[in-house]
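Residue numbers (UniProt numbering), protein chains in the order written: chain A, 1 to 332; chain B, 1 to 332.
All C-beta atoms in this analysis are idealised placements derived from N, C-alpha and C, irrespective of residue type, glycine included.
Rendered as structure tokens:
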């Protein structure tokens, strides 16, 4: 195995100089740095980051736990986390919890063992108490966990408000909201709160149908289809506008309406939430939806975590709420 | 910091016994194991895998380099790699090369530094010579690199054959194939080879239009749309059947045809390749396409790499070609 001594010999400098270049510490002239880097390349020397991590107590690894990395919204979020991490010399360890509490707990254990520098937590099955026990820096997506764990999310309250207002302004008189499961206190529940408040403010009759918590099936479109048929179809005739808590659901509702000859948007108006890649690619219909920008959310999650890691003393927990906007499509 | 000595004290056993439990070496009675595990949990002790990796020379980390983790096909592939890795106690480091040779080279360097146990290489911009220099176990997706680097891919040759045959059997008399860039020798080029051979065998006039290599835009549907308009539209009237080398392209072609009042499938038949999540969710149209199963491909990539890592002496490079099938939709 090639060692730091071999690099020093090849470059014609001292071992200390090589060590300075590798660890980026102390003053090194440009020419000397080049000489050392050239020598490292010539004899194919890779500084052993495992050994360096032990010395420095930093691994430059970030754990990223998501419910399902295949879901278009999370796929986009992960990519943007990774791009930011790469620019700052971090790499990400990707974990799919599949919304199983046990798997999520296992991952946290594994990440602790691997001595990641911090965790971005986008999965939300474990009790908040479990996270509080973790001694690593954590940033959460879409969930308030504690005062010491900062969160990043889109402006769910405003998103719910503008979605509902848009339906009312488009002439709807009876509104339905299909929400995610409301029993875990996560930020997307604010979409339902905003929907109710806005309907009350405008004296519009409304109803909320809550999706049940479905394990292992997060990204399966088929499940949304079944849900619409079994839980929504019978009541649909009463409403002329529906705000769906995500785009996959909005699309499933649109397909159901089409199959059952319910004209969209004339008889039924539909608004989604996400504006994820599937929605952006989809040409027929172009969904009316609330855009939560996965690129900005990913960057904010990663930059918050890196700040916590690199400025342990000075960092004050700082939550980030990212703006949303209405994207007008053909379904309203 | 809690140490192995504290665990031994808490459990009332020797340090050697705790070490045996942690490293899963030597005989340990069931009761003793339980006692040690309970003690570890009680005082929140995580064995330091970094230190253990140094001793054992295994990190249980796998590098996964893809062009773009947001692309629906790769998002699905990654998820399935991760699920298999988790079952075998490995974790994955995710890297997006964005089809930039420099970034890909950087990643390989970073992965060497982090002492990953092996690399799954799904990005294909670097020269094959660069990979041969890497001393780690590598498995490649869709590319033959060398005799010592096993590859996994779908049966591109058969895929191209059944796609073309299906168009001919559906009555097409003039066929077009839109291929990916053919200048890098990757396995998906066999789709174009099979297309040409099948057309010749059936004496059907044909043409191949090659997509140029487009950086940083791998997952952007917009680019496929522009490509169809600029490079394909003018010639389209000559053909009654098109085999597209991926689903995103097939969808862009369908949308173009619809906008220009070209009836699909009556006047123009379209076959894609992938059957990725976007295609599966899409209801209108249901694309006719060749399914390459991302779940099986992901598992095969990961299991091949784990075999190479865990049986360094005995492993003989073993390439895997996964079956494809025609999914009949509404575009033929």
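Residue range of the unbroken beta strand (DSSP E) whose run includes residue i
{"i": "residue 139 (chain A)", "result": "138 to 141"}
{"i": "residue 149 (chain B)", "result": "Taken as a continuous stretch (DSSP letters only), residue 149 (chain B) belongs to no beta strand (DSSP E), as it is neither H nor E."}
{"i": "residue 179 (chain B)", "result": "175 to 179"}
{"i": "residue 269 (chain A)", "result": "269 to 274"}
{"i": "residue 133 (chain B)", "result": "That residue, residue 133 (chain B), is in no beta strand (DSSP E); its alpha helix (DSSP H) goes 128 to 133."}
{"i": "residue 334 (chain B)", "result": "With chain B running from 1 to 332 in the structure shown, residue 334 (chain B) is simply not present."}
{"i": "residue 288 (chain A)", "result": "288 to 291"}
{"i": "residue 242 (chain B)", "result": "241 to 244"}
{"i": "residue 327 (chain B)", "result": "325 to 327"}
{"i": "residue 209 (chain A)", "result": "206 to 210"}
Extent of the continuous alpha helix (DSSP H) to which residue i belongs
{"i": "residue 193 (chain B)", "result": "189 to 201"}
{"i": "residue 10 (chain B)", "result": "4 to 11"}
{"i": "residue 156 (chain B)", "result": "156 to 169"}
{"i": "residue 298 (chain B)", "result": "294 to 310"}
{"i": "residue 256 (chain B)", "result": "247 to 259"}
{"i": "residue 279 (chain B)", "result": "277 to 281"}
{"i": "residue 31 (chain A)", "result": "30 to 42"}
{"i": "residue 229 (chain A)", "result": "Looking at the DSSP string, residue 229 (chain A) is not in any alpha helix (DSSP H), and its letter there is neither H nor E."}
beta-carbon residue i near the ligand NAP non-hydrogen atom, thresh 7 Å
{"i": "residue 269 (chain B)", "result": "Inclusion of the ligand NAP in the displayed structure is not the case, the ligand content being empty and no account of it being possible."}
Other residues of its chain near residue i: CB distance less than 6 Å, five sequence neighbours each side excluded
{"i": "residue 228 (chain A)", "result": "252, 253, 256"}
{"i": "residue 239 (chain B)", "result": "174, 176"}
{"i": "residue 63 (chain B)", "result": "93, 111, 116, 119"}
{"i": "residue 21 (chain B)", "result": "28, 33, 36"}
{"i": "residue 308 (chain A)", "result": "137, 315"}
{"i": "residue 40 (chain A)", "result": "7"}
{"i": "residue 144 (chain A)", "result": "151"}
{"i": "residue 207 (chain A)", "result": "176"}
{"i": "residue 306 (chain A)", "result": "88"}
{"i": "residue 95 (chain B)", "result": "65, 107"}
CB contact flag (residue i, residue j, <8 Å)
{"i": "residue 175 (chain A)", "j": "residue 241 (chain A)", "result": "yes"}
{"i": "residue 295 (chain A)", "j": "residue 275 (chain A)", "result": "no"}
{"i": "residue 167 (chain B)", "j": "residue 243 (chain B)", "result": "yes"}
{"i": "residue 68 (chain A)", "j": "residue 79 (chain B)", "result": "yes"}
{"i": "residue 75 (chain B)", "j": "residue 82 (chain A)", "result": "no"}
{"i": "residue 97 (chain B)", "j": "residue 91 (chain B)", "result": "no"}
{"i": "residue 84 (chain A)", "j": "residue 298 (chain A)", "result": "yes"}
{"i": "residue 66 (chain A)", "j": "residue 43 (chain A)", "result": "no"}
{"i": "residue 300 (chain B)", "j": "residue 186 (chain B)", "result": "no"}
{"i": "residue 134 (chain B)", "j": "residue 108 (chain B)", "result": "yes"}
{"i": "residue 125 (chain B)", "j": "residue 99 (chain B)", "result": "yes"}
{"i": "residue 332 (chain B)", "j": "residue 279 (chain B)", "result": "no"}
{"i": "residue 341 (chain B)", "j": "residue 170 (chain B)", "result": "The first residue shown for chain B is 1 and the last is 332, placing residue 341 (chain B) beyond what the model contains."}
{"i": "residue 129 (chain B)", "j": "residue 105 (chain B)", "result": "no"}
{"i": "residue 291 (chain B)", "j": "residue 321 (chain B)", "result": "no"}
{"i": "residue 89 (chain B)", "j": "residue 45 (chain B)", "result": "no"}
{"i": "residue 182 (chain B)", "j": "residue 194 (chain B)", "result": "no"}
Supposed close pair residue i, residue j - CB separation, criterion 8 Å
{"i": "residue 250 (chain B)", "j": "residue 281 (chain B)", "result": "With 8 Å as the limit, residue 250 (chain B) and residue 281 (chain B) do not qualify as a contact, their Cβ atoms being about 15 Å apart."}
{"i": "residue 261 (chain A)", "j": "residue 150 (chain A)", "result": "That pair is no contact at about 49 Å."}
{"i": "residue 199 (chain A)", "j": "residue 164 (chain A)", "result": "6 Å"}
{"i": "residue 13 (chain B)", "j": "residue 4 (chain B)", "result": "No, residue 13 (chain B) and residue 4 (chain B) are not in contact; Cβ-Cβ is about 11 Å, not under 8 Å."}
{"i": "residue 132 (chain B)", "j": "residue 123 (chain B)", "result": "Not a contact, Cβ separation roughly 16 Å."}
{"i": "residue 263 (chain A)", "j": "residue 330 (chain A)", "result": "With a Cβ gap of about 12 Å, residue 263 (chain A) and residue 330 (chain A) do not count as contacting."}
Other residues of its chain near residue i: CB distance less than 7 Å, five sequence neighbours each side excluded
{"i": "residue 226 (chain A)", "result": "none"}
{"i": "residue 333 (chain A)", "result": "Not covered by the structure: residue 333 (chain A). The range shown for chain A is 1 to 332."}
{"i": "residue 127 (chain A)", "result": "none"}
{"i": "residue 190 (chain B)", "result": "156, 157, 160"}
{"i": "residue 234 (chain B)", "result": "none"}
{"i": "residue 172 (chain B)", "result": "240, 241, 269"}
{"i": "residue 303 (chain A)", "result": "84"}
{"i": "residue 333 (chain A)", "result": "Lying outside 1 to 332, the shown extent of chain A, residue 333 (chain A) is not represented and no answer is given."}
Neighbourhood of residue i by C-beta distance below 8 Å, restricted to the same chain and skipping five residues each side
{"i": "residue 311 (chain B)", "result": "none"}
{"i": "residue 58 (chain A)", "result": "117, 309"}
{"i": "residue 354 (chain A)", "result": "This structure cannot speak to residue 354 (chain A), because chain A is shown only from 1 to 332."}
Whole beta strand (DSSP E) elements within the region 53 to 123 of chain B, 3-residue minimum: 61 to 66, 91 to 96, 118 to 121
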